[in-house]
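J.:
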Amino acid sequence: MQRPRRWSDPFHLPKALHLGKPARSGATPAAATPEARKRSARPAKPPVPDDTGLYGVLGIRPDAPDWEIPVAYRRRAADLASRRVSNRETLRELNAAYEALRYPDLRMEYDQQRAAALQPSGQVAHPSTVRRPSAYPRFRHPRATRSTRAATYGALLGVIAVMAVAVVAGTFFLERVAGGIAPLTSLARLTGLSTASRPATSGATPGATVASTSGAPTIPDDLKGSQVSVSNSQPQRGSDIAVLAKLVRNGQPLANTDVYAEAQFRTATTRIPASGTVRTDSSGTASLPIAVGDATAGYEVRVTLHAQVDGRDVEWPVGFTPR
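Each residue of the sequence shown is one higher than the last, beginning at 72 in the numbering used here.
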């Protein structure tokens, strides 16, 4: 009995299909035609020369599409990160190449520079390296620029602060040298303390009996009959003298008036008395002792007598010169 044929039976298929051979026919193969021979004989398109610059750092061809640049960058970065040996210079070059080629406008500028630098032989005129800033466009780094500006502003503020402190210190120093210590003198009057001072040399001779009255405070008209002097205008060093005051107002003795004196030596200002005041007697007279001590010989010591009259601070300048 003959077995029925089915489509799944290999004996049912034609012999040519079953053996995987082309069926015999009178058609000529396409590869044997003259047109096919001409197409196969055409030379292939010359390959684009490789770039040893930024494209070579990323490992891509210069004609690669834009989307391939970040892919190549990540692949190279991952390869460097997987190595045990740290190569910071290579990673720095890789980052620089990616920053230059990731943006289309920067890539266009680099391609133009690269095309201009190529010789007729197709080789690069100079050894390509990303560390040559003249061969590649400048990169924009907003974060680096912002940090540089912040550092510059901080340094500028520091310089201004130092200059301000120097100006203030110089001002106080000049005032101290020139004897302009009016704020400290006023504070000393209230607290009864002596303040150090270095007055300017007035150029007085040893024979001077009183201090120069140039710039002295004006005495009120009702007190112009008062007399203030020193007991010895040229005392010996180490001796004691006294400031003698006889105050009158409108020709009448000024009794029970608080007075004190300030002696301005070369290196210090002394208050007499050191604290408090001295009151005039019924005749308006008061005596305030001054210790000359080791004062500089030949240097005029300025003495100012202060009297508190009806809430006014009236001053009389006198002086002496130690010898």
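We put the CB at the ideal spot given by N, CA and C, even for glycine. Note that this is a predicted model, so its numbers are computed, not measured.
Flag this pair as touching only if the segment 357 to 366 and the segment 301 to 314 have three or more C-beta atom pairs under 8 Å; answer yes or no.
T.: Counting Cβ pairs under 8 Å, three or more are found: they touch.
J.: Check the DSSP bridge columns for residue 329 and list the partner residues they point to.
T.: Bridge partners of residue 329: 350.
J.: Give the secondary structure of residue 223 by DSSP, where H, G and I count as helix, E and B as strand, and everything else as coil.
T.: Three-state DSSP puts residue 223 in a helix.
J.: So for residue 311, helix, strand or coil by DSSP?
T.: Strand.
J.: So what's residue 380 in DSSP terms, helix, strand or just coil?
T.: Residue state, collapsed to three classes: strand.
J.: Whose C-beta lies closer than 8 Å to the C-beta of residue 165 among residues of the same chain, with five residues either side of it excluded?
T.: Here the set comprises 128, 129, 144, 147, 148, 151.
J.: With DSSP as the reference, please indicate the residues paired to residue 343 in a beta bridge.
T.: DSSP lists 332 as partners of residue 343.
J.: Considering only residues of the same chain and omitting the five flanking positions on each side of residue 208, which have a CB-CB separation below 8 Å?
T.: Any reading at residue 208 needs caution, since the residue's pLDDT is 48, under 50, leaving its predicted position unreliable; the model's value is listed next. Here the set comprises 171, 177, 180, 181, 184.
J.: Going by beta-carbon coordinates alone, are residue 337 and residue 368 separated by less than 8 Å?
T.: The answer is no: Cβ separation not under 8 Å.
J.: On the criterion of 16 or more Cβ atoms from any shown chain inside 10 Å, does residue 325 qualify as buried, or is it exposed?
T.: Classification of residue 325: buried, given that the 10 Å Cβ count is 16 or more.
J.: Once DSSP output is grouped into helix, strand and coil, what is the label at residue 305?
T.: Note: residue 305 maps to coil in three-state DSSP.
J.: Between which two residues does the beta strand (DSSP E) carrying residue 361 extend?
T.: Element bounds for residue 361: 356 to 362.
J.: Tell me the residue span of the alpha helix (DSSP H) that contains residue 188.
T.: Residues 175 to 188.
J.: So what does residue 317 bridge to, in DSSP terms?
T.: DSSP, once it has assigned bridges, lists 298, 356 as partnering residue 317.
J.: Cα separation between residue 136 and residue 223?
T.: Straight-line Cα distance between these residues: approximately 41 Å.
J.: Considering only the beta carbon of each residue, do residue 392 and residue 371 sit closer than 8 Å?
T.: Result yes, Cβ atoms of residue 392 and residue 371 sit closer than 8 Å.
J.: Report buried or exposed for residue 387, applying the criterion of at least 16 other Cβ atoms within 10 angstroms of its Cβ.
T.: The residue in question, residue 387, is buried, as its Cβ has 16 or more Cβ neighbours within 10 Å.
J.: Residue 140 to residue 226, Cα distance in whole Å?
T.: Going from the Cα of residue 140 to the Cα of residue 226 covers about 40 Å.
J.: Compare the beta carbon distance of residue 330 and residue 301 with 8 Å and say whether it is the shorter of the two.
T.: Against a cut-off of 8 Å, the Cβ pair of residue 301 and residue 330 comes out as no contact.
J.: Sorted by chain position, which residues of the same chain lie with C-beta nearer than 8 Å to residue 312's C-beta, five sequence neighbours on each side aside?
T.: Here the set comprises 301, 302, 303, 306, 360, 361, 363, 391.
J.: Just to check my reading of the structure: residue 335 and residue 383 have Cβ atoms closer than 8 Å, yes? What is that Cβ distance to the nearest angstrom?
T.: So it is not a contact: roughly 22 Å between Cβ atoms.
J.: Excluding five sequence neighbours on each side, which residues of the same chain lie with their C-beta closer than 8 Å to the C-beta of residue 131?
T.: 139, 140, 143, listed in sequence order.
J.: In whole angstroms, give me the CA-to-CA distance for residue 346 and residue 231.
T.: Those two C-alpha atoms are separated by around 43 Å.
J.: To the nearest whole angstrom, what separates the beta carbons of residue 327 and residue 351, a pair I think is in contact under 8 Å?
T.: About 7 Å separates the two Cβ atoms, so the contact holds.
J.: Helix, strand or coil for residue 394 per DSSP?
T.: In the structure shown, residue 394 sits in coil (DSSP, three-state: anything other than H, G, I, E or B).
J.: From the DSSP output, read off the bridge partner residues of residue 371.
T.: DSSP output for residue 371 lists no bridge partner at all.
J.: So the candidates are 376, 153, 323, 240; which of them puts its Cα closest to the Cα of residue 344?
T.: Residue 344 has its Cα closest to that of 376, out of 376, 153, 323, 240.
J.: Are residue 315 and residue 378 close, meaning C-beta to C-beta below 8 Å?
T.: Not a contact, by the Cβ cut-off of 8 Å.
J.: Determine the extent of the alpha helix (DSSP H) in which residue 168 is found, giving its start and end residues.
T.: From DSSP, the alpha helix (DSSP H) with residue 168 extends over 159 to 172.
J.: For residue 386, which beta-bridge partners are listed by DSSP?
T.: 377.
J.: Taking all protein chains shown into account, do 16 or more other C-beta atoms lie within 10 angstroms of the C-beta of residue 239, making it buried, or fewer, making it exposed?
T.: Residue 239 should be labelled exposed.
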